[in-house]
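**Student:** Dropping a structure here in structure tokens format, bear with me for questions.
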Amino acid sequence: MSNHRADHRGPKRATYPSAAGQTGGRRRALKHAAKSNFRKVPGGPAVIGAAALAIAAVGAISMGPGVNPASANSDVKFSSGSASALSGTDAFSFFSERDSRAQAISRDSQRQALQDAAKVKLKAAAEDQMQQRNAALSNLRNLAEKRATQIAKDLWVLPTVGYHLTARFGMAGGLWANNHTGLDFAAPTGTPIFAVANGVISETGWAGSYGNRTIETLTDGTEIWYAHQSAINVHSGETVTGGETIGAIGSTGNTTGPHVHIEVRPGGGDPVDPYPAFVYHGVTP
Ligand SMILES: [Zn+2]
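Numbering follows numbering that gives the first Met the number 0, with no gaps: position 275 of the sequence shown is 274.
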């Protein structure tokens, strides 16, 4: 680089003293050049060339990696403008190359900054969306859990296995003083009887035509009567869960064969048809 500079200054400097006629000529020429038209100043190109070289050199120095892009940019504009006005030399083209590279780097960093800003925006939007979705999912999960708990609480199970229905609710017949007040599940003696839902055993024992009977009060206050049992496996006050074995099928009381007679009495009142009650609570007898 110093070789280039020496080459250019060398021949042109020779004409200088004659044009300016004094030692301060160079400084004056520079002043002129700064004022207006470069080309009107005698020996101008050589002088400006030197000035531009100096500016370009400063630009080059200040344009190292990690330099402030704003200040690098202003240097670049100034020196590249001078270079094109003065029809470049090797030195100038070298600096122009440096300049355009610096500009490219500057453009790249600007583009990068824009991309980074866009990425930050996108990320924030995505996080927002994620939070909203998580909240919605959490709500759904809470609802599902609530519903599951509700179902688990209300779901009934059938009172025995391997049965067939022999007498429906409301049937008339010689066996009953009034119409049939329950639903009969016929199965061999000794077949287990299950609590149809969670509840508390409120009464056990002999009950006339019902034979051996267990009364369970469910959590909603509905009474379930289990009649004609051959065995009673629970006692009054005991808490039972749906599906738990509470006794065994028999033919005690007023019966024509082994079965469990089920009555459903909402709130401990009059009996209702057990069949739709089972269906309502999720099982079909
Ligand atoms: Zn019956």
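Backbone N, C-alpha and C define an ideal beta-carbon position, used for all residues, glycine too.
Mark Glu144 as exposed unless 16 or more other C-beta atoms lie within 10 angstroms of its C-beta, in which case mark it buried.
**Tutor:** Glu144 is exposed by the Cβ-count criterion.
**Student:** Throw me the rounded Cβ distance for the Thr216 and Gly198 pair, which I believe falls under 8 Å.
**Tutor:** Confirmed, Cβ separation roughly 5 Å.
**Student:** State the CB to CB distance for the pair Val239 and Ala194, rounded to an integer number of angstroms; the pair is presumed to be in contact (CB under 8 Å).
**Tutor:** So it is a contact: roughly 4 Å between Cβ atoms.
**Student:** Report the rounded CA-to-CA distance for Val75 versus Asp115, giving the unit in angstroms.
**Tutor:** The pLDDT assigned to Val75 is 40, lower than 50, so where the model puts this residue is not dependable; a value taken from the coordinates is nonetheless given after this. Taking the straight line joining both Cα atoms gives about 25 Å.
**Student:** Ala112 by DSSP, collapsed to three states: which one?
**Tutor:** DSSP places Ala112 in helix when its eight states are reduced to three.
**Student:** Helix, strand or coil for Gly271? Go by DSSP, reduced to three states.
**Tutor:** First, the residue type needs correcting, since residue 271 is Val and not Gly in the sequence shown. Strand, per DSSP.
**Student:** Rounded C-beta distance between Glu243 and Ile200? I'm assuming under 8 Å.
**Tutor:** Not a contact, Cβ separation roughly 10 Å.
**Student:** Count the C-beta pairs between the region 104–124 and the region 181–188 that are closer than 8 Å, then say yes if the count reaches three, no if not.
**Tutor:** No contact exists between the region 104–124 and the region 181–188.
**Student:** Just list the beta strand (DSSP E) runs in the region 179–233, keeping only unbroken ones of 3 residues or longer that don't cross its boundaries, in chain order.
**Tutor:** Those beta strand (DSSP E) runs which fall completely within the region 179–233 and span 3+ residues are 182–185, 191–193, 198–205, 211–217, 222–226 and 228–231.
**Student:** Evaluate His258 with the Cβ neighbour count: other Cβ atoms within 10 Å of its Cβ, from every protein chain shown; 16 or more gives buried, anything less gives exposed.
**Tutor:** Result: buried.
**Student:** Taking the Cβ atom as the reference point for each residue, do Ile245 and Val263 lie within a distance shorter than 7 Å?
**Tutor:** Cβ atoms of Ile245 and Val263: not closer than 7 Å.
**Student:** At a threshold of 6 Å, does Thr181 count as lining ligand 1 (C-beta to nearest heavy atom)?
**Tutor:** In the sequence as presented, Thr is not what sits at residue 181; that position holds Gly. It does: the Cβ of Gly181 is within 6 Å (strictly closer) of some heavy atom of ligand 1.
**Student:** Can you give the Cα-Cα distance for Asp219 and Tyr162, rounded to whole angstroms?
**Tutor:** Rounded to whole angstroms, Asp219 to Tyr162 spans 27 Å at the Cα level.
**Student:** How about His260: is its Cβ closer than 6 Å to a heavy atom in ligand 1?
**Tutor:** Checking every heavy atom of ligand 1 against the Cβ of His260, one is found closer than 6 Å.
**Student:** Under 8 Å Cβ to Cβ from Gly210, same chain only, skipping five residues before and after it: list those, please.
**Tutor:** Hits under 8 Å: Ala226, His227, Gln228, Gly249, Ser250, Thr251, Gly252, Asn253 and Thr254.
**Student:** Ser137 to Glu126, Cα distance in whole Å?
**Tutor:** Computed Cα separation, rounded: 16 Å.
**Student:** I need the DSSP call for Gly246, collapsed to helix, strand or coil.
**Tutor:** DSSP places Gly246 in strand when its eight states are reduced to three.
**Student:** Considering only the alpha carbon of each residue, which of Thr203, Ser208, Ala206 and Thr221 lies closest to Ala196?
**Tutor:** If we check each option's Cα against that of Ala196, Thr221 comes out closest.
**Student:** Suppose you measure from the CA of Val156 to the CA of Gly204; what does that come to, to the nearest Å?
**Tutor:** Cα-Cα distance, rounded: 23 Å.
**Student:** Report yes if the C-beta distance between Pro284 and Ala247 is below 7 Å; otherwise report no.
**Tutor:** Taking 7 Å as the Cβ cut-off, Pro284 and Ala247 do not qualify as a contacting pair.
**Student:** Just verifying my parser: in three-state terms, what is the DSSP assignment at Glu262?
**Tutor:** Looking at Glu262 - three-state DSSP - the assignment turns out to be strand.
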